[in-house]
Amino acid sequence: MKRKNLGDERCPIARSLARVGEWWSLLIIRDAFHGLSRFDEFQQSLAIAPNILSRRLATLVENGLLEKTPYSTRPLRYEYRLTPAGRGLEPVLFTLLQWGNAHFSPEGASIALAARSTGTVVEPVLFDPVHQTPVSLSTHHLVAGPAADEKMVARLARAAAEHQAESANKENTP
Numbered sequence: 003m004k005r006k007n008l009g010d011e012r013c014p015i016a017r018s019l020a021r022v023g024e025w026w027s028l029l030i031i032r033d034a035f036h037g038l039s040r041f042d043e044f045q046q047s048l049a050i051a052p053n054i055l056s057r058r059l060a061t062l063v064e065n066g067l068l069e070k071t072p073y074s075t076r077p078l079r080y081e082y083r084l085t086p087a088g089r090g091l092e093p094v095l096f097t098l099l100q101w102g103n104a105h106f107s108p109e110g111a112s113i114a115l116a117a118r119s120t121g122t123v124v125e126p127v128l129f130d131p132v133h134q135t136p137v138s139l140s141t142h143h144l145v146a147g148p149a150a151d152e153k154m155v156a157r158l159a160r161a162a163a164e165h166q167a168e169s170a171n172k173e174n175t176p
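Per the numbering used here, residue 3 is the first one in the sequence shown, and the count goes up by one each step.
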């Protein structure tokens, strides 16, 4: 069964998933944030089959998340470094870390995010600097952008109507 190509979808989440791909990609990106850059380092860290690692690295380079530069000519070997687009995944990884700790770590957090200056453990929050509030669907909503197609506009209108109905039900419930 052929997988659907999400890269042409109007939804930015679908387009992002098309670039990142499956879970190996985010683990490679995570390791690149930790300073790994060479094929053998990624392979050792992830215990991943070489053919899968080669494909994922090639896809991440093709999608502009990693850049590939030679570090040895005999034999020819490459380093993989995060591009600005790859570094832009940092808050996504922080959010996944927090979500995983909250929902899938019954033994407790194995990794936490801490402030460098104090060592205090913090939880990342998506923050709206204009209104000085955390971003959530209870305080914010999604609106169609200029490139939205009819399907996207309809999906967002349906979500807005559902939210409005839920709010009305809460107000009318004693």
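Just so it is clear, CB atoms sit at the ideal spot from N, CA and C, and this is done for glycine as well. No experiment lies behind these values; they were computed from the predicted model shown.
query                                                                                                         : result
Reduced DSSP category for D42 - H, G, I as helix; E, B as strand; rest coil                                   : helix
Residue span of the alpha helix (DSSP H) that contains S18, given as start and end                            : 14-22
Expected contact under 8 Å - CB spacing of R113 and L91 to nearest Å                                          : Rather than Arg, the amino acid found at residue 113 in this sequence is Ile. That pair is no contact at about 16 Å.
Residues sharing a beta bridge with S177, DSSP                                                                : This structure cannot speak to residue 177, because the chain is shown only from 3 to 176.
For P86, three-class secondary structure by DSSP                                                              : helix
8 Å Cβ cutoff met for P2 and R83                                                                              : Summary: the structure shown does not reach residue 2, with the chain confined to residues 3 through 176, and so no result is reported for it.
Best match in V63, R157, L38, A51 for proximity to R21 [C-alpha to C-alpha]                                   : V63
beta-carbon R83 near the ligand PLP non-hydrogen atom, thresh 7 Å                                             : This structure simply doesn't include the ligand PLP, nor any ligand for that matter.
Whole-angstrom C-beta distance between R17 and E211, which should lie under 8 Å                               : Nothing can be reported for residue 211, as the shown portion of the chain is limited to 3 through 176.
Own chain partners of V127 with C-beta closer than 6 Å, once the 5 adjacent residues on each side are dropped : P136
8 Å Cβ cutoff, M154 in contact with chain B                                                                   : In the structure shown, chain B cannot be found, because there is only a single protein chain.
Endpoints, alpha helix (DSSP H) assigned at L59                                                               : 52-64
Between the CA atoms of R57 and A51 - distance to the nearest angstrom                                        : 10 Å
Check whether H143 and H165 have beta carbons under 8 Å apart                                                 : yes
Contact check, M154 vs A162, beta carbons under 8 Å                                                           : no
For L68 and F35, the rounded distance between their alpha carbons                                             : 11 Å
Local conformation of A156 per DSSP, three classes                                                            : helix
Closest by C-alpha distance to D130, when choosing among T75, N65, S138                                       : S138
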